[in-house]
Amino acid sequence: MQEKIAVLMGGQSLERDVSLISGKRVCDALEAQGYRVLALDVTPDLVTTLRSERPDAVYIALHGKYGEDGTVQELLEFLGIPYTGPGVTASALAWDKALSKRLFRAEGIPTPAWVTFTAAAFKQMGAATALDLVPGAVGGFPVVVKPAKQGSALGLTKVDGPEGLAEALLTALSYGDTAIVEKWIDGRELAVSVVDGPSGEARVFPPVEMEPKSGLFDFSAMYTPGETDYYVPARLDEPTMAEVTRMAERVHRLLGCERVSRVDMVVGGDGVPYVLEVNTSPGMTETSLLPMAAASAGLDFQELVGHLVRSTLDAAR
Ligand SMILES: Nc1ncnc2c1ncn2[C@@H]1O[C@H](COP(=O)(O)OP(=O)(O)O)[C@@H](O)[C@H]1O
Ligand SMILES: [Mg+2]
303 MQEKIAVLMG GQSLERDVSL ISGKRVCDAL EAQGYRVLAL DVTPDLVTTL RSERPDAVYI
363 ALHGKYGEDG TVQELLEFLG IPYTGPGVTA SALAWDKALS KRLFRAEGIP TPAWVTFTAA
423 AFKQMGAATA LDLVPGAVGG FPVVVKPAKQ GSALGLTKVD GPEGLAEALL TALSYGDTAI
483 VEKWIDGREL AVSVVDGPSG EARVFPPVEM EPKSGLFDFS AMYTPGETDY YVPARLDEPT
543 MAEVTRMAER VHRLLGCERV SRVDMVVGGD GVPYVLEVNT SPGMTETSLL PMAAASAGLD
603 FQELVGHLVR STLDAAR
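In our numbering, the protein residues as written are 303 to 619.
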């Protein structure tokens with residue numbers, strides 16, 4: 303009898319709807335391969351259900367807070383249930399852009415210049431009086447203001463001059479307690495997916511290049527078919543392609559991402575691949591980047607999902 307796989311989806315994060323789409327597609331792919339599949343929305347009954355159903359593994363199709371930040375991973379370890387995707391530490395590091403960017407800088411991995419503000423720095427320490435220092439600290443406008451811990455470009459604003467900074471920070475801080483102000487990099491936008499092979503060797507899929515028609519790869523550009531042009535593999539020359547590939551693998555290893563990660567980058571006009579962030583539960587929707595990259599490497603959606611589940615089951619043996 304085939305193993306029983308619980309697919310976790312939904313939950314209360316702002317990316318709930320995206321996760322439900324990812325989860326449904328993952329369920330279909332697993333059912334088609336003969337697995338016994340249990341689709342589970344994340345509710346307060348989750349632990350009771352997992353304890354009574356005893357799945358052989360969990361496929362985490364959650365995106366955003368609690369699904370991607372180490373929370374659900376920690377819980378599944380406590381319950382003794384193997385799960386797809388990176389572990390607790392890697393998840394927590396990747397989820398927190400302020401933290402992961404510090405790691406990149408310490409390791410000499412290019413990432414756009416930035417400063418971090420917490421809500422407490424504004425509310426309790428008067429940080430608002432020093433916003434005039436921001437352009438000097440990050441190398442001038444335009445900048446991107448975004449929540450440190452969020453996904454799908456939620457709460458993100460591109461700011462062209464000093465007058466827009468305070469409002470963009472307020473927006474970002476309405477999504478969480480920490481915001482990043484980061485130098486805007488003009489260039490080619492890439493998502494580079496990394497999947498570990500059977501013996502743990504990292505396999506970097508062809509980079510996907512995104513060219514949003516609006517100029518900004520925001521929520522709508524990410525999930526509305528036709529709003530973004532995708533190029534797989536990305537339109538890069540040979541040396542840049544090699545550098546981007548090497549960088550993705552380095553970042554995957556640095557954060558300790560097991561099994562899968564997707565590294566978002568922008569290749570600037572200077573040819574440098576600047577790493578923006580790492581995703582540990584990449585989207586699995588119709589327009590998502592990991593499945594697109596896998597397909598270009600000859601792995602269809604079913605094979606991709608099958609590989610992620612099989613490697614989780616094998617590692618747990
Ligand atoms: N510093 C930047 N320079 C240029 N574009 C950026 C920058 N930061 C974010 N973006 C754009 O916003 C999108 C979302 O930002 P990202 O850092 O990947 O956060 P998340 O995907 O977690 O919301 C990126 O894919 C990119 O299009
Ligand atoms: Mg991203």
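For glycine and all other residues, C-beta sits at the position ideal for the given N, C-alpha and C.
(1) Only counting the same chain, and skipping five residues up and downstream in sequence, which positions put a Cβ closer than 6 Å to that of S495?
(2) Determine the burial state of K399: buried for a count of at least 16 other Cβ atoms within 10 Å of its Cβ, exposed for fewer.
(3) Just confirm the distance between the C-beta atoms of T473 and G463, as a whole number of angstroms; I'd bet it's less than 8 Å.
(4) Using DSSP with H/G/I as helix, E/B as strand and the rest coil, what is G489?
(5) Could you work out which residue in T413, P384, G585 is closest to Y525 when comparing CA atoms only?
(6) Which one of A455, P437, A422 has the shortest CA to CA distance from A299?
(7) What first and last residue would you give for the alpha helix (DSSP H) that runs through R552?
(8) When you compare the segment 352-362 with the segment 374-385, are there three or more beta-carbon pairs, one atom per stretch, that lie closer than 8 Å?
(9) Which one of S590, H365, A618 has the shortest CA to CA distance from L606?
(10) To which residues of the same chain is R505 closer than 6 Å at the C-beta, ignoring the five residues directly before and after it?
(11) Could you say if the segment 507-520 and the segment 487-494 meet the contact criterion of at least three C-beta pairs nearer than 8 Å?
(12) Would you mind stating whether G325 and I362 have Cβ atoms separated by less than 7 Å?
(13) Could you tell me whether the segment 404-422 touches the segment 556-573, using the rule of 3 or more Cβ pairs below 8 Å?
(14) Looking at the strands, I want to know which residues DSSP matches up with G570.
(15) Nearest-angstrom Cα distance between G517 and M567?
(16) Restricting to runs no shorter than 4 residues, where is the alpha helix (DSSP H) found entirely within the segment 402-438?
(17) Would you report the Cα separation of A432 and A455, rounded to the nearest angstrom?
(18) Less than 6 Å between the CB of E370 and some heavy atom of ligand 2, yes or no?
(19) So, do the segment 318-332 and the segment 358-372 have three or more beta carbon pairs nearer to each other than 8 Å?
(20) Tell me the DSSP secondary structure of T345 in three-state form.
(21) Can you find a heavy atom of ligand 2 that lies under 6 Å from the Cβ of E579?
(22) Can you give me the Cβ contacts of T614 inside the same chain, cut-off strictly under 6 Å, excluding the 5 residues immediately before and after it?
(23) Mind checking which residues open and close the beta strand (DSSP E) that includes P449?
(24) Can you give the Cα-Cα distance for A396 and V461, rounded to whole angstroms?
(25) So what does DSSP say about E370, is it helix, strand or coil?
Taking the definition as stated:
(1) Excluding residues within five positions, the ones whose Cβ falls inside 6 Å are F507, R564, L592, A595.
(2) It counts as buried.
(3) Incorrect: roughly 16 Å between the Cβ atoms, too far for contact.
(4) strand
(5) G585
(6) Here the chain has residues from 303 to 619 only, and residue 299 is not among them.
(7) Element bounds for R552: 540-556.
(8) yes
(9) S590
(10) Listed in chain order, the non-local C-beta contacts of R505 below 6 Å within the same chain comprise V497, G499, local neighbours out to five positions each way being set aside.
(11) Enough Cβ pairs lie closer than 8 Å, so yes.
(12) In this structure, G325 keeps its C-beta atom at 7 Å or more from the C-beta atom of I362.
(13) The segment 404-422 vs the segment 556-573: in contact.
(14) G489
(15) 16 Å
(16) 421-427
(17) 26 Å
(18) E370: no, Cβ never under 6 Å from ligand 2.
(19) yes
(20) Annotated three-state conformation of T345 is coil, per DSSP.
(21) yes
(22) Hits under 6 Å: A359, P384, T386.
(23) 445-449
(24) Each residue's Cα considered, the two are about 24 Å apart.
(25) coil
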